[in-house]
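Participant: Dumping the structure here so I can ask a few things about it.
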Amino acid sequence: MRASCDWVMGAWCPEEEGSVFTRLELAAKRMARATREDSLEAILRQLPRAVSLAGELKHRDVVADPAFQRERLLALEPVSFEHVSGACTAVLLENVYDWDRQLGSL
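All the letters of the sequence shown, read from the start, carry residue numbers -15 to 90 under our numbering.
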């Protein structure tokens, strides 16, 4: 259970104390009442994990930069931001690859 839910706990409940169930329950509560800024911080906690899992990136140093990540996330339209707001690693990887491709076309 821990392995399949580790991303949500890392993003929304980074404290290591408590059972998996307790941490997931706390994470769900935090997600339910999260502001856009809360979601942004959760996403930024998970992006290093997503970047580390990414295969070949031509601009790894740029997409790994927290300032770049914050800028790109803040520029997202509300619908797009909602899509990434849960901080799911797979969804974040999509964005990392998109950003890397966009940098290559500049």
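Backbone N, C-alpha and C define an ideal beta-carbon position, used for all residues, glycine too.
#1: Would Met15 and Trp(-4) be called neighbours here (beta carbons separated by less than 8 Å)?
#2: With distances taken between CB atoms, is the gap from Val80 to Ala38 smaller than 8 Å?
#3: Helix or strand or just coil, what does DSSP make of Ala48?
#4: From Pro50 to Ile27, what does the alpha carbon distance come to, in whole angstroms?
#5: Hey, quick one: how far does the alpha helix (DSSP H) through Ala34 stretch, first residue to last?
#6: Tell me the residue span of the alpha helix (DSSP H) that contains Leu60.
#7: Nearest-angstrom Cα distance between Ser23 and Arg17?
#8: Check this for me: beta carbons of Asp84 and Leu31, under 8 Å apart or not?
Facilitator: So, from the listed chains and residues:
#1: Yes, these two residues count as a Cβ contact at 8 Å.
#2: Against a cut-off of 8 Å, the Cβ pair of Ala38 and Val80 comes out as a contact.
#3: Ala48 falls in the coil class under three-state DSSP.
#4: Taking the straight line from one Cα to the other gives about 11 Å.
#5: Counting along the chain, the alpha helix (DSSP H) containing Ala34 begins and ends at Arg20 to Leu37.
#6: Counted as a single uninterrupted DSSP element, the stretch harbouring Leu60 is not any alpha helix (DSSP H), since DSSP gives it neither H nor E.
#7: About 10 Å.
#8: No; because the gap between Cβ atoms is not below 8 Å, this pair is not in contact.
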